[in-house]
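*Asks:* Below you'll find the structure I mean.
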Amino acid sequence: MSERFYEPAKGHGLPHNPFKAIVAPRPIGWISTRSASGAINLAPYSFFNAVADNPPVVMFSSTGRKDSVTFAEETGEFVCNYVGEAQRDAMHQSSFAYPRGVSEFSDAGLEEAQCRIVKPPRVAGAPAALECAVTVIMPVKDRGGADTDNWLVFGEVVGVHLSEAALTDGYFDLAKAKPVARLGYLDYGSGFTITAIARPNGPRKA
Ligand SMILES: Cc1cc2nc3c(=O)[nH]c(=O)nc-3n(C[C@H](O)[C@H](O)[C@H](O)COP(=O)(O)O)c2cc1C
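Put into structure tokens, the structure is as follows:
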């Protein structure tokens, strides 16, 4: 079967870099932070995921040291807001590179809701929000062990908000929360088929 192969350091040879389309769909961490002087920031990060569940820990990665990293470092806190279909356009607007001090909340027409444990506000009306305490901030290394200008911010989830509207019989219902995922290029995904599969049991296969 014919295939293509490329080494990223030497170029992909395609009209557009396929890397992010290959590692897709990715959840979007919509990160709100507060600086030491009280400035509020909100921006989406699709280099985002949960990395542990006991304790629950999430991580986002910033290409360059953006305000979200600086603010999270200054105060040791961030909030990861959930992006449902209803939040998609405001999330996208909030990725605009505003000057520091301009709150993306107001420009994207969003209402702030107070958190319980951390100081940054969360996005009112979002299906969920994770209040996080920063555990580690570190640069991504390259294969030679050198620091790159990509910054990993890990945070332990210390509080979880769930919208009642996203719950069904005590389950967080993705059919109601309608998550928006980041794909490659300019693409986003939403609406997918959910299939419950029982855990495998019986004799272990060789
Ligand atoms: C859906 C989406 C996902 C994004 N993911 C990332 C990401 O993972 N890392 C990153 O550095 N920038 C990402 N960006 C760009 C940032 O949101 C953008 O640079 C923003 O202005 C950063 O804001 P800040 O400097 O206030 O933190 C993303 C943008 C969009 C629209």
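Residue 132 in UniProt numbering sits at position 132 of the sequence shown; the count goes up by one each step and never skips. Note that beta-carbon positions come from the ideal geometry of N, C-alpha and C, so glycine has one too. Predicted, not measured: the structure shown is a model, and the values here were computed from it.
I need the straight-line Cα distance from Gly29 to Val136, nearest angstrom please.
*Replies:* Going from the Cα of Gly29 to the Cα of Val136 covers about 17 Å.
*Asks:* Reducing DSSP to helix, strand and coil, say where Ile194 ends up.
*Replies:* Reduced to three states, the DSSP call for Ile194 is coil.
*Asks:* Report the rounded CA-to-CA distance for Ala113 versus Val79, giving the unit in angstroms.
*Replies:* C-alpha separation (whole angstroms): 11 Å.
*Asks:* Considering only C-alpha positions, which residue in the set Glu7, Ala165, Arg116 and Ala72 is nearest to Ser37?
*Replies:* For the residues Glu7, Ala165, Arg116 and Ala72, the minimum Cα distance to Ser37 belongs to Ala72.
*Asks:* Between the Cα of Met138 and the Cα atoms of Gly125, Ala128, Leu152 and Glu131, which residue gives the shortest distance?
*Replies:* That would be Leu152, whose Cα lies nearest to the Cα of Met138.
*Asks:* Taking only heavy atoms of ligand 1 into account, decide whether any of them is closer than 6 Å to the Cβ of Phe47.
*Replies:* Phe47: yes, Cβ under 6 Å from ligand 1.
*Asks:* Given Gln93, which residues of its chain have a CB within under 6 Å of its CB, disregarding the five upstream and five downstream residues?
*Replies:* Hits under 6 Å: Ala108.
*Asks:* For my contact list, Ser32 and Val123 are in at a C-beta cut-off of 8 Å; report their separation, rounded to the angstrom.
*Replies:* Indeed, because the Cβ distance is near 7 Å, the residues count as touching under 8 Å.
*Asks:* Measuring straight from C-alpha to C-alpha, what distance separates Ala133 and Leu162?
*Replies:* Taking the straight line joining both Cα atoms gives about 18 Å.
*Asks:* Which whole-angstrom value is the C-beta distance of Ser95 and Pro44, which I expect to be below 8 Å?
*Replies:* 5 Å between Cβ atoms; contact.
*Asks:* Can you give the beta carbon distance from Val102 to Leu130, rounded, assuming they're within the 8 Å contact cut?
*Replies:* Between Leu130 and Val102 the Cβ distance is about 24 Å, and since that is not below 8 Å, they are no contact.
*Asks:* Out of Ser61, Phe172, Phe19 and Ile40, state which residue places its alpha-carbon closest to the alpha-carbon of Ala121.
*Replies:* Inspection of the sequence shows that residue 121 is occupied by Pro rather than by Ala. Among Ser61, Phe172, Phe19 and Ile40, the Cα nearest to that of Pro121 belongs to Ile40.
*Asks:* On the three-state DSSP scale, how would you describe Gly147?
*Replies:* With the sequence shown as reference, residue 147 is identified as Asp, and Gly is not the correct amino acid for it. It is a strand residue.
*Asks:* Are the Cβ atoms of Leu110 and Ala90 separated by less than 7 Å?
*Replies:* Yes, the Cβ-Cβ distance between Leu110 and Ala90 is below 7 Å.
*Asks:* Does the beta-carbon distance from Val69 to Ser62 come in below 7 Å?
*Replies:* It is a contact, given that the beta carbons lie within the stated cut-off.
*Asks:* Terminal residues of the continuous beta strand (DSSP E) containing Ser68?
*Replies:* It is not in any beta strand (DSSP E) - Ser68 instead sits in the alpha helix (DSSP H) that spans Asp67 to Thr75.
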